[in-house]
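Shown next, in structure tokens, is the structure this report addresses.
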Amino acid sequence: MQFALLLDLLELVGGYAAGNRREVRTSVYICVLLVGIFTYVGLHVLFFRHLAPEWLGEIFRDIQRFWED
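Just so you know, the sequence shown maps onto residues -18 to -1, 1 to 51 in mature numbering (1 follows the signal peptide of the UniProt record, and there is no 0).
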């Protein structure tokens, strides 16, 4: 589901950039925004997969199990 949300976000930003490609300033803003979003998502994944403390991971796994039941 997270991948689908990320893909939808990419499509929306791409569509907006394609619609405003005549103005260079707007296209630059969109590219900077897109780089920022992907940087945030990458850092988020890196932190929660590799750097997060074990107790924090256990809390999120408990929440996930709760919602699956």
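Just so it is clear, CB atoms sit at the ideal spot from N, CA and C, and this is done for glycine as well.
Nearest to residue i by alpha carbon, out of the options?
{"i": "Leu(-14)", "options": "Ile19, Ala(-2), Ala34, Gly1", "result": "Ile19"}
{"i": "Leu(-12)", "options": "Glu40, Leu16, Thr8", "result": "Leu16"}
{"i": "Gln(-17)", "options": "Gly24, Thr8, Glu40, Cys13", "result": "Gly24"}
Just the Cα atoms here: how many angstroms apart are residue i and residue j?
{"i": "Pro35", "j": "Gly1", "result": "43 Å"}
{"i": "Gln46", "j": "Tyr(-3)", "result": "34 Å"}
{"i": "His32", "j": "Gly(-5)", "result": "31 Å"}
{"i": "Arg43", "j": "Asp51", "result": "13 Å"}
{"i": "Tyr22", "j": "Leu38", "result": "19 Å"}
{"i": "Leu(-10)", "j": "Arg4", "result": "21 Å"}
Which class does residue i belong to by DSSP, given the choice of helix, strand or coil?
{"i": "Arg7", "result": "helix"}
{"i": "Asp(-11)", "result": "helix"}
{"i": "Ala(-2)", "result": "helix"}
Could you spell out the range, first to last residue, of the alpha helix (DSSP H) harbouring residue i?
{"i": "Arg47", "result": "36 to 50"}
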